[in-house]
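In terms of our numbering, the sequence shown opens at residue 337 and continues consecutively.
C-beta atoms are modelled at their ideal positions from N, C-alpha and C, and glycine is treated no differently.
Please read all numbers here as calculations on a predicted model, not as lab measurements.
Structure first, then comments.
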Amino acid sequence: MGESFSIHLDEITDAVREALPGATFKAMEHLRQVAVSKTPIETGDLRASASVEPIPNGAKVYYPGPYARYQHYVLDLRHEEGQALYLEQPLVQETPKILEIVATELRAVLD
């Protein structure tokens, strides 16, 4: 009988799982920067409140409080600087860049 051969992806899977939170944190930091540039500004507090927070297996962009939600979703507000949907619109526009950042970070782990 011949010798057996097998490939175990456990090490690769473990490396990707370990790297994923950092990769998504970096990608969400990019999204936060773009979103902040579109966030309505009156005093600057709303822009300054944006943060990237770790979550299980990833990260999220976070704006605290009901004021942030109000400014985001009420479409008929007039903003001298910034816009409504200041987080959602950049997410849609920046998805290719976000995926590129994650892919680059994961490739670095696998090289």
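- The residues 357 and 361, in chain order, have a CB closer than 7 angstroms to that of residue 390 in the same chain once the five nearest residues on each side in sequence are set aside.
- The region 396-411 makes contact with the region 374-384; the number of CB pairs closer than 8 angstroms reaches 3 or more.
- One alpha carbon belongs to residue 409, the other to residue 350, and they sit about 39 angstroms apart.
- Under the 10 Å beta carbon count, residue 414 is surrounded by fewer than 16 other beta carbons and is classified as exposed.
- In the same chain as residue 445, and ignoring 5 residues on each side of it, the C-beta atoms closer than 6 angstroms to its own belong to 351 and 355, in chain order.
- Only residues of its own chain outside the window of five on either side were considered, and among them 387 and 389 have a CB closer than 6 angstroms to the CB of residue 398, listed in chain order.
- Taking C-beta atoms as the reference points, residue 432 and residue 367 fail to come closer than 9 angstroms.
- In this structure residue 384 is not in contact with residue 423, their Cβ atoms being roughly 15 angstroms apart against a cut-off of 8 angstroms.
- Residue 345 counts as exposed, since fewer than 16 other C-beta atoms from the protein chains shown sit within 10 angstroms of its C-beta.
- The Cβ neighbour count for residue 439, taken over all protein chains shown within 10 Å, is under 16; the residue is labelled exposed.
- Contact between residue 442 and residue 363 does not hold, since their C-beta atoms are separated by about 11 angstroms, which reaches or exceeds 8 angstroms.
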